[in-house]
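K.L.:
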Amino acid sequence: MRLSQMIGQRLREAPRDAQTISHKFLARGGYCLPVSAGIFTLLPLGYRITQKIEQIIREEMDAIGGQELLMPVALTAELWQQSGRWESVGAELLRFKDRNGKDMMLGMTHEEACVHAVRANVSSYKQLPLMVYQIQTKYRDEARPRAGLIRTREFTMKDAYSFHTTQEDLERYYVICHQAYTRIFKRIGFKNFISIQADSGIFGGNRSDEFMAIADCGEDTLFVSPNGNYQANREVACANLTYTPEEPAPIEKVATPHAKTIAEVAEFLGVDAAHTCKAVFYKDSQGKLVFVNIRGDLEVNETKLAKVVKDSNLAFADDELIRSVGAVPGFASLYGLDFSQIRVVVDPSVVHSNNLVAGANEEQFHLKNFNYDRDVADKERVIVADIACVRDGDPSPVDGAPLKLLHGIEIGNIFQLGTKYSKPMECNYLDMDGKAKPMIMGCYGIGVGRSVAAIVEQCHDDYGPIWPMSIAPYQVHIIGLKYSEEAVKNACETLYADLRKAGVEVLLDDRGEKAGSAFADADLMGIPLRVVISPKTLATGEVEFKHRDWGKNSQMLPLQGLVEKLQEEIRQALAELNA
RNA sequence: CGGGGUGUGGCUCAGCCUGGUUAGAGCGUCACGUUCGGGACGUGAAAGUCGGAGGUUCGAAUCCUCUCACCCCGACCA
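Numbering-wise (the working numbering), the first sequence opens with residue 75 and increments by one.
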């Protein structure tokens, strides 16, 4: 490609909208162009990168027996009504009507469409297991798109679906897929990614893992053990807190005028927050009260709580509801309450701590020396479950090592779905015994566009992205300085033609720009190998050569044998990524 | 959906508070000339319904009302 003809203008300054590194560089480098919030045109440079990523994914999915197909973007409501998601999914699902008034939608994920395809084509256990996948546009009407390509409304996703006769077989294949994902992200060039246990939703209970590219701008919060034996999303992470037992002291009612919050109570009584007990009240989807107790220095993890109470629509309770069971907002505790009509969830931090300050269920009063074991009467009605948020530095549940808080961009996610879709949609096979049974499903996703942005977050310097060879839009970037001079032009054109003949992907900067602009543009385009040709280099029959990540360093190479040398560099770089 | 912010040539912004000739600058683009190894310089040129609608006024980019879009924080994210 000749840069003089390539569409995609480089900008000296980033658009004001751009906040993250990847958004700034992708905008400045002319990789993509915003059309609307979270909707982008991929310009040639950006599109070449996504195509390379897609090809890597394709190769690895094919290698584990995947069959590529293509499902529609526009789907009918009918399929989603069969699974129940037409009703259960909110405004992220873009719905519309066709000219006949029929309910339609844009696909945001394709479990239903895939089940539709498989149930029409597979009927015997002899055809299982199998995996199909597609690389296709998804649309999710996100409430808040952000960070350029990291969270968009329209995006390209690889989604795969596997079908099995048994849970054991699903689990076997799940491991294979997990390994394939690891290979994919290595080949794409991620320097730092991990897979973690994830929340699979309250009805799941099935396994789910997320692949996270570590990056400060990542939306997910992860806890990772320095020993590498524990890593989990904040939503599911657990800490193994240690407790120092104390002899229970006699309970004591103390006046705490106007002290309602944990901070105020702790301050007023001169104790630390870890010696207080916090009461938090939720309203479940039936409008009933859920009374949660946790130690004062900890926060409730609502994802964990939702799972414990099997209700994903928890909201904070209003004062009226709280008072209806005899608790006093701001001064509430389990002490002396009749909670036979409500659900009570207590975090182990309260059970294992002694002599806490707790509410007295009386305006302006708290209790000192509250001890769960001694002071809660109706313990069989209490659900004791870990519902605490992990904090940076909390001890790992595996070996007590301090967990580190990291941020990550979710680039892949794999689920064991079981029969969640196959059962309601009657995706059955006939088993050896001639009986119809629902297929056991897994699903596996990779965000392609998001991966482009995540790579930039991990691979860049002050001047622009540094594309890994495997996904670089071009492999070699030739810059001709003083292009108007015949010798330079001829040398550039010859090298350009020879490289293309040799199958090298090459971009030729034939604009005759001054060195400064040419180099700055080259940095923004991030092509891994750079060759500069000028009258000065040609005087000795040489070119200047550098890797994008060499900074300002470079070396001189003879024109003689240059094509072979560059081919060797490419081969080596690819080999490292594939290792 | 709550809170905050911003809309002025392709990009970054000034002007608005305190209304007053043909709305400015830098970058980018085009032409010519001098330059030429990390974003050169000169001269000239093209390019703007000042997000939109309504209002106040002799007069609105500027003041008022409504509205739309975009960004950030939060909620949500199967």
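Cβ atoms here follow ideal geometry from the backbone N, Cα and C, with glycine treated the same way.
These figures come from a predicted structure and were not determined experimentally.
(1) Using only alpha-carbon positions, find the residue among Glu134, Gly112 and Leu167 that is nearest to Phe229.
(2) Since Ile416 sits in a beta bridge, which residues does DSSP pair it with?
(3) When the distance is taken between beta carbons, is Lys620 closer than 7 Å to Arg645?
(4) Helix or strand or just coil, what does DSSP make of His97?
(5) Between Ile131, Asp584, Arg169 and Glu128, which has its C-alpha nearest Ala148's C-alpha?
(6) Can you list the beta strand (DSSP E) stretches of 3 or more residues lying completely in the stretch 401 to 479, in chain order?
(7) Let's see if you can read the secondary structure: which residues bound the alpha helix (DSSP H) around Gln646?
(8) Considering Cα atoms alone, identify which of Arg122, Ile461, Gln360 and Tyr235 is closest to Lys352.
(9) Rounded to whole angstroms, what is the Cα-Cα separation between Leu693 and Ser544?
(10) Looking at the structure shown, is Met205 part of a helix, part of a strand, or coil, going by DSSP?
(11) Report the residue ranges of all alpha helix (DSSP H) runs contained in full by the stretch 140 to 183; include only those spanning at least 4 residues, in chain order.
(12) Kindly indicate which three-state DSSP category Lys352 falls into: helix, strand or coil?
(13) Considering just the uninterrupted stretch of the alpha helix (DSSP H) at Asp243, what are its terminal residues?
(14) Near Gly278, what residues of its chain come up, given a Cβ to Cβ distance below 7 Å and the 5 sequence neighbours on each side ignored?
(15) From Pro665 to Cys517, what distance separates their C-alpha atoms?
(16) Applying the criterion that 16 or more other CB atoms from any shown protein chain within 10 Å of the CB defines a buried residue, is Arg448 buried or exposed?
(17) Taking only three categories from DSSP, how would you classify Val654?
(18) I need the straight-line Cα distance from Ile276 to Arg455, nearest angstrom please.
(19) For Pro324, which residues from the same chain have a beta carbon less than 8 Å from its beta carbon, with the 5 sequence-adjacent residues on both sides left out?
(20) Report the residue from Ile416, Val189, Met513 and Met179 whose alpha carbon sits nearest the alpha carbon of Ala32.
(21) Given that a residue counts as buried once 16 or more other Cβ atoms are within 10 Å of its Cβ, and exposed if not, what is Ile457?
(22) Identify whether Ala613 lies in helix, strand or coil by the three-state DSSP scheme.
(23) Look at the alpha carbon of Leu612 and the alpha carbon of Asp572, and state the distance between them as a whole number of angstroms.
(24) Return helix, strand or coil for Cys106, following the three-state DSSP convention.
(25) Three or more beta-carbon pairs under 8 Å between the stretch 191 to 208 and the stretch 81 to 92, yes or no?
(26) If you count every other CB in all the chains shown that lies within 10 Å of the CB of Met630, and 16 or more means buried, which is it?
(27) Look up Gly302 in the DSSP assignment and say whether it is helix, strand or coil.
(28) Secondary structure at Pro331, three-state DSSP: helix, strand or coil?
(29) Output the boundary residues of the beta strand (DSSP E) element that contains Lys200.
(30) Under the assumption that Cys533 contacts Lys265 (Cβ atoms under 8 Å), give the Cβ distance between them as a whole number of angstroms.
(31) How would you write the range of the beta strand (DSSP E) that Pro632 sits in, first residue to last?
(32) So, for Ala510: in the same chain, excluding its five sequence neighbours on each side, which residues have a beta-carbon less than 8 Å away from its beta-carbon?
(33) Which term fits Asp583, buried or exposed, when burial requires 16 or more other beta carbons within 10 angstroms of its beta carbon?
(34) In three-state DSSP terms, what is Thr115?
P.N.:
According to the structure data:
(1) Per the C-alpha coordinates, the member of Glu134, Gly112 and Leu167 positioned closest to Phe229 is Gly112.
(2) Beta-bridge pairing links Ile416 to no other residue.
(3) One thing to note: Arg645 has its Cβ no nearer than 7 Å to the Cβ of Lys620.
(4) In this structure, His97 counts as helix in the three-state DSSP scheme.
(5) The shortest C-alpha separation from Ala148 is found at Arg169.
(6) Counting only runs of 3 or more, we get 417 to 420, 430 to 436, 439 to 444 and 456 to 458.
(7) For Gln646, the enclosing alpha helix (DSSP H) begins and ends at Leu636 to Asn652.
(8) Closest in alpha carbon position to Lys352, among Arg122, Ile461, Gln360 and Tyr235, is Ile461.
(9) Since the first residue shown for the chain is 75 and the last is 653, residue 693 is missing from the structure and cannot be characterised.
(10) Reduced to three states, the DSSP call for Met205 is strand.
(11) The stretch 140 to 183 is shown to contain whole alpha helix (DSSP H) runs of 4 or more residues at 151 to 157 and 159 to 162, in chain order.
(12) Assigned with DSSP and collapsed to three states, Lys352 falls in strand.
(13) Looking at the DSSP string, the run of the alpha helix (DSSP H) that includes Asp243 is Gln241 to Ile262.
(14) Because Gly278 carries a pLDDT of 48, less than 50, the predicted location of this residue cannot be relied on, and no value is offered for it.
(15) Limits of the chain in this structure are 75 at one end and 653 at the other, which puts residue 665 out of reach.
(16) So Arg448 counts as exposed.
(17) With the chain represented from 75 up to 653, any question about residue 654 goes unanswered, as that position is not in the structure.
(18) Residue confidence is low: Ile276 scores 46 on pLDDT, short of 50, so the model does not pin down where it sits. No coordinate-derived value is stated.
(19) For Pro324, where only same-chain residues beyond five positions count, the Cβ hits under 8 Å are Asn443.
(20) Past the edges of the chain, shown from 75 to 653, lies residue 32, and the structure says nothing about it.
(21) Counting of Cβ neighbours within 10 angstroms places Ile457 among the exposed residues, the total staying below 16.
(22) Look at Ala613 here: in three-state DSSP terms it is coil, with no helix or strand label.
(23) The alpha-carbon atoms of Leu612 and Asp572 are separated by roughly 17 Å.
(24) Strand.
(25) The stretch 191 to 208 vs the stretch 81 to 92: no contact.
(26) Under this definition Met630 is an exposed residue.
(27) The answer is coil: DSSP assigns Gly302 none of H, G, I, E or B.
(28) Reduced to three states, the DSSP call for Pro331 is coil.
(29) Element bounds for Lys200: n/a, residue is neither H nor E.
(30) 7 Å between Cβ atoms; contact.
(31) In the DSSP assignment, Pro632 falls within the unbroken beta strand (DSSP E) covering Gln629 to Pro632.
(32) Counting only residues of its own chain and dropping the five nearest sequence neighbours on each side, Ala510 has a CB closer than 8 Å to the CB of Asn502, Tyr503 and Leu504.
(33) Counting Cβ neighbours within 10 Å, Asp583 comes out buried, since at least 16 surround it.
(34) Here DSSP, grouped into helix, strand and coil, assigns Thr115 to strand.
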